[in-house]
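One structure is given below, encoded as structure tokens.
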Amino acid sequence: MRLHPALVILATALTLPLPTLGSETDLTIADAHVRLVPPGTPNTAAFMTISNSGSSDRKLLQAESPVARKAELHTHLNDQGMMRMRQVADIEIKAGEQTVLKPGGYHVMLLDLQQPLKEGDSVALTLRFDDGSTKEIDAAVKKPQTVMKAPTPATHGAMKY
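When the letters of the sequence shown are read in order and numbered with mature numbering (1 follows the signal peptide of the UniProt record, and there is no 0), they come out as residues -22 to -1, 1 to 139.
Now the structure itself:
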């Protein structure tokens, strides 16, 4: 049996590794957590650090979770001295860097919670990126951390009344 040279070349080419513009393995997620809210509160937020070890910038385009009717990407902006939350179309993760989703900055809003969340629960999140890849992660439900520390005796005594 004689093989046509074009078929041999095609079969060989199909077995070669192809370069990719981005790979879901370029992105890693760390410290994913969801803010614990009082029972009956309809919304909460998810935070995390997204690291991009690839050579191309990436964008988080969408998030989904079975615990919420809707998930949106948000940030906070200073609007005439008032911090206001605003939905954004995407969150950029630059090549070789990390983007931190944190209170007062970028975050994933979980809207219309479908069930009460308890501290220690695990919330499934699906993150969709601009290259078509997805990341399935679990985020622990945690109490919010204190934003302001209580004054220490050294700083409290220095305050002028």
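Cβ coordinates follow ideal geometry from the N, Cα and C atoms, glycine included.
Just so it is clear, the structure is predicted and the values come from calculations on it, not from any experiment.
Residue i in three-state terms, based on DSSP
| i | result |
| --- | --- |
| residue 112 | strand |
| residue 3 | helix |
| residue 42 | strand |
| residue 96 | coil |
| residue 119 | strand |
| residue 67 | coil |
| residue 72 | coil |
| residue 105 | strand |
| residue 12 | strand |
Opening and closing residue of the beta strand (DSSP E) in which residue i lies
| i | result |
| --- | --- |
| residue 90 | 85 to 91 |
| residue 48 | 46 to 57 |
| residue 76 | 76 to 79 |
| residue 30 | 22 to 30 |
Same chain, Cβ closer than 8 Å to residue i, five either side skipped, listed in chain order
| i | result |
| --- | --- |
| residue 116 | 10, 100, 101, 102 and 103 |
| residue 83 | 53 and 54 |
Proximity test, residue i beta-carbon vs the ligand PLP heavy atom, cut-off 6 Å
| i | result |
| --- | --- |
| residue 7 | The ligand PLP is not part of the structure shown, which contains no ligands of any sort. |
Close-in-space but distant-in-sequence residues of the same chain around residue i (CB under 7 Å, 5 per side omitted)
| i | result |
| --- | --- |
| residue -2 | Note that residue -2 has pLDDT 46, beneath the 50 cutoff, so the model's placement of it is unreliable and the number below is only indicative. Correct list, in chain order: 34 and 109. |
| residue 121 | 14 and 97 |
| residue 93 | 45 |
| residue 47 | 89, 90 and 92 |
| residue 80 | 25 |
| residue 168 | Only positions -22 to 139 of the chain appear in this structure, which leaves residue 168 out of reach. |
For residue j and residue i, believed in contact at Cβ under 8 Å, the rounded distance
| i | j | result |
| --- | --- | --- |
| residue 16 | residue 91 | So it is not a contact: roughly 11 Å between Cβ atoms. |
| residue 12 | residue 22 | 6 Å |
| residue 51 | residue 86 | 6 Å |
Candidates the options: closest to residue i by CA position
| i | options | result |
| --- | --- | --- |
| residue 72 | 8, 31, 87 and 95 | 31 |
| residue 95 | 18, 6, 5 and 7 | 18 |
| residue 74 | 36, 63, 68 and 58 | 36 |
| residue 4 | 76, 68 and 119 | 76 |
Residues of its chain near residue i, where Cβ-Cβ distance is below 6 Å and the 5 sequence neighbours each way are ignored
| i | result |
| --- | --- |
| residue 42 | 49 and 104 |
| residue 61 | 54 |
| residue 106 | 39, 40 and 112 |
| residue 6 | 29 |
| residue 78 | 27 |
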